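Visitor: In this note's numbering, the protein residues as written are 168 to 560. The beta carbon of each residue, even a glycine, is placed where N, CA and C say it ideally should be. Bear in mind the structure is a predicted one, so any value in this text is a computation, not a measurement.
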Ligand code: RFL
Ligand code: PHB
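(1) As a quick exercise: from 191, 198, 244, pick the residue whose alpha carbon is nearest that of residue 536.
(2) Out of 226, 533, 341, 521, which one is the CA nearest neighbour of residue 515?
(3) Can you tell me the Cβ-Cβ gap for residue 346 and residue 169, rounded? I've got them flagged as a contact below 8 Å.
(4) By Cβ distance below 8 Å, which residues in the same chain neighbour residue 188 in space, the five residues on each side in sequence not counted?
(5) Relative to the C-alpha of residue 303, which residue among 315, 364, 539, 321 is closest?
(6) Is the beta carbon of residue 214 within less than 6 Å of some heavy atom of ligand 2?
(7) Based on the DSSP output, what are the partners of residue 319 in its beta bridges?
(8) For ligand 1, any of its heavy atoms closer than 6 Å to the Cβ of residue 173?
(9) Measuring alpha carbon to alpha carbon, tell me which of 367, 312, 267, 284 ends up nearest residue 248.
(10) Assess contact between the stretch 327 to 334 and the stretch 355 to 370, defined as three or more Cβ pairs (one per stretch) separated by less than 8 Å. Is contact present?
(11) So within the stretch 238 to 311, which uninterrupted beta strand (DSSP E) runs reach at least 3 residues, ignoring any that extend past its ends?
(12) Compute the Euclidean distance between the alpha carbons of residue 399 and residue 313, then round it to the nearest angstrom.
(13) What does DSSP give as the partner residue(s) for residue 344 in the beta ladder?
(14) Could you spell out where the beta strand (DSSP E) holding residue 379 opens and where it closes?
(15) Just to confirm the assignment, what range does the beta strand (DSSP E) spanning residue 384 have?
(16) Taking residue 228 as the reference, give the member of 198, 338, 182 with the closest Cα.
(17) Tell me the residue span of the beta strand (DSSP E) that contains residue 448.
(18) Residue 195 lies in the beta strand (DSSP E); which residues open and close that run?
(19) Is any heavy atom in ligand 1 found nearer than 6 Å to the beta carbon of residue 558?
(20) DSSP state of residue 455, grouped into three classes?
(21) Classify residue 500: buried if its beta carbon has 16 or more other beta carbons within 10 angstroms, exposed otherwise.
(22) Can the beta-carbon of residue 326 be found closer than 7 Å to that of residue 175?
(23) Going by DSSP in three states, residue 224 sits in which element: helix, strand or coil?
(24) To the nearest angstrom, how far is it from the Cα of residue 461 to the Cα of residue 384?
(25) Given this structure, state the Cα-to-Cα distance separating residue 429 from residue 524, to the nearest angstrom.
(26) Closest by CA to residue 474, which one among 340, 418, 497, 441?
(27) By a C-beta neighbour count over all protein chains shown, 10 Å radius and 16 as the cutoff for buried, is residue 269 buried or exposed?
(28) Taking 7 Å as the threshold (C-beta atoms), are residue 378 and residue 458 in contact?
(29) For residue 354, which residues does DSSP report across the bridge?
(30) Compute the Euclidean distance between the alpha carbons of residue 177 and residue 413, then round it to the nearest angstrom.
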């Protein structure tokens, strides 16, 4: 078996890359460890940057996003019980964010892939990578009880943070890492969103976030210790804590309803440099992780595969490798800016268990400055909707 691009992982990065390559007539095989339902049902990202929505629209997979997704021109920062309006579109020359679950993005991309008739295999196992420094690297794997070997021109490692591709880069990579002394307890609730915009909350008891998935489903998070066991939290206790942190002085609070899903997510920042070795290219969470406070992870995955897809397409169009050679450094410019922003949002909005009174006062001054300065709010808005990126493909 041979393909031009072997893609490992069918999350947003792998599926979007397969879709972009197909648009240029480039053949790929997508290999996924989990089953299709598992990949669809995973509850993860909710916010798309303007560029991710534009890219989906331009490449023909944005129809449902525009019908069912929710465009948001605003977001709120809530500090000390007061909600501060951040007019994202007004501050960024008309850019917005889109609330559209990762589950929906993945479904749209899966359907686009299935419509092409090109291979997308679920439940592959024992996957390994060989010969990345040669002209014909290969992937060995088991599928439907049979052993396969797939030779490729290129391999795209889109297998997420816990995948195997990053370790195949060898030992000439450097990793940069930061863990945080807290995690997020997240719920999906059957309750109509009580605000049109997301609310990022700094509260004495810790961070909380109001978000949504649809006109009937609210998505909420609050900060907990990193190793918190979800079994310690009854639904009643979760609602009590959510309401304590999210209710504002003007009487606004989230609507309460049955909890459909609850879990705890650890938070970390992580970058691999470079994101490439030989003919193996990493994209998305396989190469970098951000804490979810800036809503950047899926969007960075989309930016990586746009650059990678463009570089591979240029190679097949004229044999030039310049864009492939600069893929890692090009991608890392955006990755580090998103790391900075996600780190900053996380530091600004959470309580740190080891903070001293100086840290606390400085943090309050930071929040007071941001909410009172148009320049600071503009910087926040520019990063939140996503830094400019050429989406032509
Ligand atoms: P994924 O989604 O992890 O997909 C990787 C896929 O690879 C498969 N895989 C393998 N396949 C074959 N062989 C192997 N050996 C394999 N090992 C792994 C896995 O099964 C999986 O299907 O990575 P990808 O595609 O890079 O996408 C990244 C995003 O999923 C991630 O960055 C976002 O979910 C992060 N994120 C958010 N991003 C945003 O842009 N906006 C948000 O609002 C946002 N909110 C969030 C988030 C992530 C969260 N959690 C749970 C980590 C909120 C949360 C709570
Ligand atoms: C979400 O809706 O899941 C969400 C929204 C904003 C974030 C992170 C997650 O920063």
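Guide: Once the coordinates are examined:
(1) The residue labelled residue 536 in the question sits at position 369 within the chain shown. Comparing Cα positions, the closest option is 244.
(2) Walking along the chain shown from the start, residue 515 turns up at place 348. Looking at the Cα atoms, 533 is the closest of the given residues.
(3) Start at 1 with the first residue of the chain shown, and residue 346 comes out as number 179. Start at 1 with the first residue of the chain shown, and residue 169 comes out as number 2. In fact, because the Cβ distance is near 41 Å, the residues do not count as touching under 8 Å.
(4) Counting from one through the chain shown, the residue named residue 188 turns up at place 21. Result list for residue 188: 171, 172, 194, 195, 476, 479, 480, in chain order.
(5) Taking the chain shown and counting its residues from 1, the one referred to as residue 303 is at position 136. Selected option, being the one with the closest Cα: 321.
(6) The residue you call residue 214 lines up with position 47 of the chain shown. Yes, the Cβ of residue 214 comes within 6 Å of a heavy atom of ligand 2.
(7) For the purposes of this step, residue 319 is identified with residue 152 of the chain shown, where counting begins at 1. Looking at the DSSP assignment, residue 319 forms a beta bridge with 170.
(8) Here the question's residue 173 lines up with position 6 in the chain shown. Residue 173 Cβ: outside cutoff for every heavy atom of ligand 1.
(9) For this step, residue 248 is matched to residue 81 along the chain shown. It is 367 whose Cα lies nearest to the Cα of residue 248.
(10) no
(11) 242 to 246, 249 to 253, 264 to 266, 292 to 297, 305 to 310
(12) Along the chain shown, one-based indexing puts residue 399 at 232. Along the chain shown, one-based indexing puts residue 313 at 146. Each residue's Cα considered, the two are about 43 Å apart.
(13) Working through the chain shown from its first residue, we reach residue 344 at position 177. Its beta-bridge partners are 437.
(14) As a working mapping, residue 379 is identified with position 212 in the chain shown. From DSSP, the beta strand (DSSP E) with residue 379 extends over 375 to 381.
(15) For this step, residue 384 is matched to residue 217 along the chain shown. Counting along the chain, the beta strand (DSSP E) containing residue 384 begins and ends at 384 to 391.
(16) The count along the chain shown starts at 1 and reaches residue 228 at position 61. When each option's Cα is compared against that of residue 228, the closest is 182.
(17) Residue 448 sits at position 281 when you count from the first residue of the chain shown. Per DSSP, residue 448 belongs to the beta strand (DSSP E) from 447 to 449.
(18) Your numbering for residue 195 matches position 28 in the chain shown. From DSSP, the beta strand (DSSP E) with residue 195 extends over 195 to 198.
(19) As a working mapping, residue 558 is identified with position 391 in the chain shown. No; taking the cut-off as 6 Å, the Cβ of residue 558 has no heavy atom of ligand 1 nearer than that.
(20) Residue numbering aside, residue 455 sits at position 288 when the chain shown is read from its first letter. Note: residue 455 maps to strand in three-state DSSP.
(21) Here residue 500 refers to the residue found at position 333 when the chain shown is read from its first residue. Under this definition residue 500 is an exposed residue.
(22) As a first step, residue 326 is located in the chain shown; it is residue number 159 there, counting from the start. As a first step, residue 175 is located in the chain shown; it is residue number 8 there, counting from the start. Yes; because the gap between Cβ atoms is below 7 Å, this pair is in contact.
(23) Residue numbering aside, residue 224 sits at position 57 when the chain shown is read from its first letter. Here residue 224 sits in helix by DSSP.
(24) As a first step, residue 461 is located in the chain shown; it is residue number 294 there, counting from the start. As a first step, residue 384 is located in the chain shown; it is residue number 217 there, counting from the start. Spanning the two alpha carbons is a distance of roughly 21 Å.
(25) Taking the chain shown and counting its residues from 1, the one referred to as residue 429 is at position 262. Taking the chain shown and counting its residues from 1, the one referred to as residue 524 is at position 357. Cα to Cα, the separation comes out at about 33 Å.
(26) As a position in the chain shown, residue 474 is number 307, starting the count at 1. Residue 497 is the option with its Cα nearest to residue 474.
(27) By one-based count along the chain shown, residue 269 stands at place 102. Under this definition residue 269 is a buried residue.
(28) For the purposes of this step, residue 458 is identified with residue 291 of the chain shown, where counting begins at 1. For the purposes of this step, residue 378 is identified with residue 211 of the chain shown, where counting begins at 1. Their beta carbons are not under 7 Å apart, which means residue 458 does not touch residue 378 by this criterion.
(29) What you label residue 354 is simply residue 187 of the chain shown in a count that begins at 1. According to DSSP, residue 354 bridges with 387, 429.
(30) Counted from its first residue, the chain shown places residue 177 at position 10. Counted from its first residue, the chain shown places residue 413 at position 246. Cα to Cα, the separation comes out at about 35 Å.
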